[in-house]
Structure formats: structure tokens, C-alpha cells
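Worksheet for the structure shown next.
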Amino acid sequence: MHTESQTPKARMRAALQGNNPGVVPAAPAYLWLFREAREKQCYVEQYLDRMRGMKRYRADHDEDVEFRANAIYRAFEMFKEPPDWLEVSPGPAREWAGRTEIVLEDSRLWYLDTVTGDRCDMLASRLPSGRDYLYGNIPSAQQDVWDQSELIQNRDVIDVLVRLVSLEELREQGVFDLPRKVVRDKGETLFIVVYDSTPYTATYLLGFQGTMLSFYDKPENLKYFISRVLQQRLPILRGFAEVGYDGIYAEEIFSGADLISPVVFDEFVLPFNVEYFRTTRELGLLTTYYMCGNPLPLISRLVQLECDALAFEESKKNFAIELEEIVRQAGSHKCIFGNIDAPYYGLHASDNEARHEVRRQIEIGSRAKGFVVSTGSPLPLDTPLSRIDAMISAAHAFA
1445 MHTESQTPKA RMRAALQGNN PGVVPAAPAY LWLFREAREK QCYVEQYLDR
1495 MRGMKRYRAD HDEDVEFRAN AIYRAFEMFK EPPDWLEVSP GPAREWAGRT
1545 EIVLEDSRLW YLDTVTGDRC DMLASRLPSG RDYLYGNIPS AQQDVWDQSE
1595 LIQNRDVIDV LVRLVSLEEL REQGVFDLPR KVVRDKGETL FIVVYDSTPY
1645 TATYLLGFQG TMLSFYDKPE NLKYFISRVL QQRLPILRGF AEVGYDGIYA
1695 EEIFSGADLI SPVVFDEFVL PFNVEYFRTT RELGLLTTYY MCGNPLPLIS
1745 RLVQLECDAL AFEESKKNFA IELEEIVRQA GSHKCIFGNI DAPYYGLHAS
1795 DNEARHEVRR QIEIGSRAKG FVVSTGSPLP LDTPLSRIDA MISAAHAFA
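Residue numbers (this note's numbering): 1445 to 1843.
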């Protein structure tokens, strides 16, 4: 039984706020990827049990929330040594349940969209999410694109692409019902976190070349697009705070100094991040800013933002991101997340080597305002669970 000072939630909050957590918290990034297959299986099993004797079943929003929450809890049990945070995304909107039937055919369950007639295998598809409703017409990054800069050819097109949804509508659609339930069930002891992205990150829609060219070919339209995404995010952030999330892990791509200059960063990234992180601070959401790419020439800017922690990749792509240098430049200002080399320690090292790397990073991170054991990128899905348990238990053994 955890005492209040020993709970994973208390450890994470203390580290992020620059206080002594007692035990070093561990939050390897993107562990939901490991839960996903088991979570889907548990979710589908509940529908199979509910549909005994039936071939078709109309989805019910409230029941689906229960099924999703149960699946999250059961999948989280796969970790012998649990991480200190639980990653939970918003659930699907009521609109989704209103148009969806669950169909049993050939011993498999399918989602059937009763409006379009489209169907997809439940186990082979991503879990239903509130993302489509939260972010309007912005598609998810299912595949890489090279140049779709025509998406920002004018402001009318941008307004259609980036639909604004009020907090009242989001509440009515129930997209926050799933995290609200998880917070109620698990939030007393676990740090409940949601993955979001900074406004600039939406430029992935334009493709890599499309984004890079738009800095020069369509600068005003690009800034309008990013500002529109920021406005779209604000009620979502308020919703996150309202249901009781502890924090946000805000990821960002295409902004490192290996891709764009500090001058471009100052014009197209920084102003929107200032407002984004100011809002999360005002809402009481403890926020980690995860920048992909080379951050070192930008650290002096990043520490001025009102985020609580900074997280970066491991060394890769012909540049080095050494934890010592991150702590030296930013540690007195921010909590720092570790950047354990996920591919190497996930696939090629032993459990003991992983424990040693955790201890090495803790020794370095102890000089920062706060420190959380983490990885620089998602661990490969072939990583043995014993490796993840070794990393987390090594952190928890360090007081």
C-alpha cells in the first residue's frame, strides 16, 4: 500500500515541480504502444461477451467508456513494475456510437459505420478515439507525405481544414468521459497524462518539403494555419484540465536546429508555444515539452517557456544529445526527462545493462531541478517486458 508521499502520482508531481520525490519516478515515453494490442484484445472480448447470441449490436457510448476503461486497466497490468504515469487519450464522441454497430462475422468483430457502410476489423484497427472530433478535419499521420502545401493555399481552405469546436460541444459529445472515468478510478495514486502536440506540429500535414517551402513561399498563410490550430487547442486544453488530467506530454516535430534555423524557430514556432504553455500553466496542467531533433542551439529559448519539464531524443541523426549537456544548460530551470537510447537498450542491451544506464542517468539528472527516468523515443515493440520492468525498478530502487 502506498502512502501519500509514496504514490506514483506524488512522485511525478514532486519531480515536475522541482521538489524531492523521495523515490525517482519512471515514465518511459509512449508505453501505451505496448498496451495497445492487449488493450484491443480486452476491449473486443468484452463486446464478444456482451453479444452472446447476437450478430449485430448498436454501440452505446456509456457502455463503451466502461469497456475501454476496463481494457486500459487490464492492459496496464502487463507491467510487473508499473510506470508512474498512465497515458490515457480522450475517448470517442457520442456521435461515433450513434452511427456504429458492432458486427460478428466469421468469428471476428467488425466496426460498421451505418452512415457510410464502411466496416473494419476491430482487432486490426486503431481503437476508437475522440481525436477526429477534437481536431475536426485534421487527419491523423497514418502515412508520411512529402508536399501538401496546397492545404494552406488560402485562409478559407485553412478554416475548413482546422474546424473550431467549443468546449460546450466537446462536453456534450462526451469525448472527455473516458479520461474522466480513469481519473476517478485511478487518479488518486497514478499520474494521469495525455499526449498532445504543440500547434506547430500540425505542419506535418503539409509534408516535410511542404513545410520547409512554406516558410518562404507562404509564410503568412503558414502562420495563420498554426495560429488557427492553437485556437482549436485552447478549449481542448480546458477540457483536459476540467476532467482532472495531471499533465500533458506535448510532442513537437520538424522544429529542431538540425532542420530549421533559430530565426525560423523564433518566427513560426516560439510565439505559438508561448501561448500554448502559458495556457497549460494557468490551467494547472503539469506539462512536458518533448522536442524531436537537435535542441541544443535552442535551449536558452526553451527554458523561458512556461512548461514544467523538457524531454529530448537520444543521440541520433548525426548529432549528439548528451544528458550532461542538457542538464548543464537547462537543469536549473526545468525538470528534465531522461533520454535513454530506446533502440539500443530495448533490443541490444541486457536487463543489467539497462539498469546500469538508468543509474547513470539518475546520477546526472540529480543535478537538475527535477528528474524523471525516461526514454528518448518509443521503445521498439520487440523490447522484452523484462527490460522495461528492469528500467522502472532500477529507478524506483534509487532514493
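Every residue, glycine too, gets a C-beta built ideally from N, C-alpha and C.
So, at 7 Å on beta carbons, what are the nonlocal neighbours of residue i in its own chain, with the 5 sequence-adjacent residues on each side left out?
i: residue 1687; result: 1620, 1623, 1624 and 1627
i: residue 1795; result: 1830, 1831 and 1834
Is it the case that the Cβ atoms of residue i and residue j are separated by a distance below 8 Å?
i: residue 1528; j: residue 1684; result: no
i: residue 1731; j: residue 1721; result: yes
i: residue 1851; j: residue 1719; result: Because the chain spans 1445 through 1843 in this model, residue 1851 falls outside it and cannot be assessed.
i: residue 1830; j: residue 1471; result: no
i: residue 1700; j: residue 1735; result: yes
i: residue 1618; j: residue 1537; result: yes
i: residue 1650; j: residue 1610; result: no
i: residue 1654; j: residue 1591; result: yes
i: residue 1546; j: residue 1577; result: no
i: residue 1743; j: residue 1773; result: yes
i: residue 1608; j: residue 1676; result: yes
i: residue 1667; j: residue 1698; result: no
i: residue 1534; j: residue 1573; result: yes
i: residue 1703; j: residue 1737; result: yes
i: residue 1553; j: residue 1595; result: no
Assuming residue i and residue j make a contact with CB atoms under 8 Å, what is their CB distance in whole Å?
i: residue 1724; j: residue 1692; result: 6 Å
i: residue 1820; j: residue 1785; result: 6 Å
i: residue 1499; j: residue 1548; result: 5 Å
i: residue 1633; j: residue 1452; result: 6 Å
i: residue 1606; j: residue 1669; result: 7 Å
i: residue 1836; j: residue 1525; result: 4 Å
Return the chain-ordered list of same chain residues with a C-beta closer than 8 Å to the C-beta of residue i, the five sequence neighbours on each side being excluded.
i: residue 1586; result: Caution applies to residue 1586, whose pLDDT of 49 falls short of 50 and renders its modelled position unreliable; the value that the coordinates give is listed next. Cβ neighbours of residue 1586 beyond the five flanking positions: none.
i: residue 1448; result: Summary for residue 1448: the model assigns pLDDT 44, below 50, so the residue's position carries little reliability, and this model does not support an answer.
i: residue 1710; result: 1745
i: residue 1822; result: 1473, 1474, 1477 and 1786
i: residue 1728; result: 1685
i: residue 1661; result: 1593
For chain C, is any of its Cβ atoms less than 8 Å away from the one on residue i?
i: residue 1617; result: The chain labelled as chain C is not found in the depicted structure, where only one protein chain is given.
Once you ignore the five residues that flank residue i on each side, which residues in its own chain have a CB closer than 6 Å to its CB?
i: residue 1637; result: 1529, 1531, 1691 and 1693
i: residue 1696; result: 1642, 1645 and 1735
i: residue 1816; result: 1459, 1469, 1471 and 1781
i: residue 1758; result: 1783, 1785 and 1820
i: residue 1842; result: 1468 and 1806
Alpha helix (DSSP H) segments (min. 4 residues) lying fully within the segment 1486 to 1568:
1505 to 1520 and 1538 to 1543
Unbroken alpha helix (DSSP H) runs of length 4 or more, entirely within the segment 1587 to 1665: which are they?
1599 to 1605, 1611 to 1617, 1621 to 1630 and 1652 to 1661
Could you say if the segment 1551 to 1569 and the segment 1510 to 1526 meet the contact criterion of at least three C-beta pairs nearer than 8 Å?
no
At least 3 beta-carbon pairs within less than 8 Å: the segment 1741 to 1752 vs the segment 1772 to 1783
yes
Segments assigned beta strand (DSSP E), at least 3 residues, entirely inside the segment 1705 to 1755:
1730 to 1735
Would you call the segment 1601 to 1614 and the segment 1505 to 1519 in contact, with 3 or more CB pairs under 8 Å?
no
With a threshold of 8 Å, are at least 3 pairs of Cβ atoms found where one atom belongs to the segment 1453 to 1460 and the other to the segment 1477 to 1493?
no
Could you say if the segment 1757 to 1764 and the segment 1796 to 1805 meet the contact criterion of at least three C-beta pairs nearer than 8 Å?
Because the criterion of three Cβ pairs below 8 Å is not met, the segment 1757 to 1764 and the segment 1796 to 1805 do not touch.
Could you name each continuous beta strand (DSSP E) segment of 3 residues or more that falls completely within the segment 1761 to 1798, going from the start of the chain to the end?
1779 to 1781
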